[in-house]
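Undergrad: Please read through the structure below; I'll follow up with questions.
There are 2 protein chains.
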Amino acid sequence: MSADNINMLLKTYNLRLTECRKDVIGVFMEQHHAVSQPDLELRLNHYDRVTLYRTLTTFLNKGIIHKVLDDTGLTKYALCSGHCTEHHHADEHVHFKCIKCENTICIDAVSVPAITLPDGFTYLDANLLVRGICKICQAKNNH
Amino acid sequence: MSADNINMLLKTYNLRLTECRKDVIGVFMEQHHAVSQPDLELRLNHYDRVTLYRTLTTFLNKGIIHKVLDDTGLTKYALCSGHCTEHHHADEHVHFKCIKCENTICIDAVSVPAITLPDGFTYLDANLLVRGICKICQAKNNH
DNA sequence: TGTTATTTGCAACTTTGTTGCAAAAGGCGT
DNA sequence: ACGCCTTTTGCAACAAAGTTGCAAATAACA
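Now the structure itself:
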C-alpha cells in the first residue's frame, strides 16, 4: 500500500516528491497517534530540524495534516481523514490523550457534538481533547 | 471586592500573600479572557519572568487557574470557577477563541457535552476549544 | 522584633519556533 | 539522458518560551 499511496497523495496536492516529504508521511501513516515535531526529529534524525518544520507547515497549509491540541502546549499533528482542503478543515473528530502513555489519538468514530454558542458569536470550528486512559494502558493495568 | 477577595483566595489555598501573587490574580480577575505568560509579562513587567512562571505553576497545581488550550501552541490560563481542587479540575466549560481579536474567553454558560468513548477507554476530563468570531468583533464588522 | 520556611531575582541553559540565503535536487521539455 | 528553471534543503543565526539552582529578600508567626 504505502509507497504508491504516498506518491499519489503528494501529487494530489501539487507537491514535489522529495525524500523528506515521503518519509514524513510514512511516519504519520505508520503511527496510530498524533506526532509532534520533536517526535519526527527523533525518528527522522537525518533531516534538518528546519526542513521538518517547513514540511509540517506545508502539509498543514495544504490540508494534508491537521493540528491536534495538546494539554502540554506542545503541538501535535495527524493526517487528515480526506475531507480537508487548503481552505477548510472538516475534521472535527475527538482527540484522545492518554495520561499514562501520553499518546494522543484521533477517534474518528466520535465526532464533536454540535455546540450552541451565545447570541452574537459565530462558529467556525472546534477542537475537542478528551483525556483519560486508553485501551492499551487499561489492559496493561489488568494484566 | 478585589483586594479582600484576593487575600481570601490565597489563604484558602494556603499560599503566602505576596505582591506578585496578588497582582497576578488581579490581572486574571480584571481580564475577561484567558491570559498567557507573555500577556502577564507585559502587564506585570516589574516581576521577573521566572517568578511569573512559578506563580502560574503554583496556581495551576493548587487549582486556582486552569489551562486553556490554544491553537497556536501558546498556553493560556484562566481562573477556575470554584469547583476545581488540587486533584481534579471540574471546569468543563467551552473555551472560545476569536480569530479576529485572538482573545480566548471561557463560556461558562455552555458546558462540554457528554462524550461516549469507544470500549476500553476511560474518560477523565475534556477540553473544548471553539473558534469563530466573538460578539464584539461581530459588532465592529457591522459598525 | 527575631527566627524560619517560603518566595523572588538572577544567571544560565534547553527546547521550540522562525527567517534568509546559497547549494542541492525535483520536474519537465527536448 | 541532458539541461534549465523552480522548489526544497541545510546551515547559520536569532527570537521566544520553558526550566533549574542558588543566594538574597520577604512573609508568617511566635
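Which chain is which? The protein sequence lines are A and B, in order. The first sequence begins at 1 in this note's numbering and counts up by one. The second sequence begins at 144 in this note's numbering and counts up by one. We put the CB at the ideal spot given by N, CA and C, even for glycine.
1. DSSP three-state call for arginine 131 (chain A): helix, strand or coil?
2. Note down the Cα distance separating asparagine 157 (chain B) from tyrosine 196 (chain B), rounded to an integer number of angstroms.
3. Taking the alpha helix (DSSP H) that aspartate 147 (chain B) falls in, what are its first and last residues?
4. Can you grab the Cα-Cα spacing for the pair threonine 218 (chain B) / leucine 74 (chain A), in whole Å?
5. What does alanine 109 (chain A) touch in chain B if you count any residue whose Cβ is under 7 Å from its own?
6. Listed from N- to C-terminal order along the chain, which residues in the stretch 66 to 79 of chain A have their beta-carbon within a distance smaller than 9 Å of any beta-carbon of chain B?
7. Is it the case that the Cβ atoms of leucine 44 (chain A) and valine 68 (chain A) are separated by a distance below 8 Å?
8. Please determine, among B:Leu203, B:Ile258 and B:Ala221, the residue with the shortest C-alpha to C-alpha distance to isoleucine 250 (chain B).
9. Hey, out of B:Ile207, B:Thr161 and B:Arg192, whose CA is closest to threonine 155 (chain B)'s CA?
10. Select from A:Ser81, A:Val110, A:Leu117 and A:Cys101 the residue whose C-alpha is nearest the C-alpha of histidine 236 (chain B).
11. Name the one or two DSSP bridge partners that valine 68 (chain A) has.
12. When we look at the beta-carbon of arginine 49 (chain A) and count the other beta-carbons within 10 Å, is it buried (16 or more) or exposed?
13. Give me, in chain order, the residues of the same chain whose beta-carbon lies closer than 8 Å to that of arginine 16 (chain A); leave out the 5 immediate sequence neighbours on both sides.
14. Does DSSP put valine 112 (chain A) in a helix, in a strand, or in coil?
15. Tell me, to the nearest whole angstrom, how far the beta carbon of histidine 176 (chain B) is from that of threonine 247 (chain B); I am working on the premise that it is less than 8 Å.
16. Could you tell me the alpha carbon to alpha carbon distance between glutamine 281 (chain B) and asparagine 142 (chain A), rounded to whole angstroms?
17. In chain order, what residues of the same chain have a beta carbon less than 6 Å from the beta carbon of threonine 51 (chain A), not counting five sequence neighbours either side?
18. Just to confirm, is the Cβ distance from alanine 269 (chain B) to leucine 128 (chain A) under 8 Å?
19. Can you pull the chain A residues whose beta carbon is under 7 Å from the beta carbon of isoleucine 258 (chain B), in chain order?
20. Measuring alpha carbon to alpha carbon, tell me which residue in B:His189, B:Val253, B:Lys243 and B:Ile149 is nearest lysine 117 (chain B).
21. What residues from chain B crowd round alanine 126 (chain A), counting only those whose CB sits closer than 8 Å?
TA: Taking the geometry as given:
1. strand
2. If you take the alpha carbons of asparagine 157 (chain B) and tyrosine 196 (chain B), they lie about 19 Å apart.
3. 145 to 155
4. 9 Å
5. Pro261
6. Lys67, Leu69, Asp70, Asp71, Thr72, Gly73, Leu74 and Thr75
7. no
8. B:Ala221
9. B:Ile207
10. A:Leu117
11. Residue pairing by DSSP places valine 68 (chain A) opposite A:Lys76 in a beta bridge.
12. Arginine 49 (chain A) comes out exposed.
13. Leu10
14. coil
15. 6 Å
16. Rounded to the nearest angstrom, the two C-alpha atoms are 52 Å apart.
17. Cys20
18. Between alanine 269 (chain B) and leucine 128 (chain A), the CB-CB gap stays under 8 Å.
19. Neighbours of isoleucine 258 (chain B) in chain A, taken as residues whose beta carbon is under 7 Å from its own, are Val94, Val110 and Val130 in chain order.
20. Here chain B covers residues 144 to 286 and nothing more, so residue 117 (chain B) does not appear.
21. Leu271, Leu272, Val273 and Arg274
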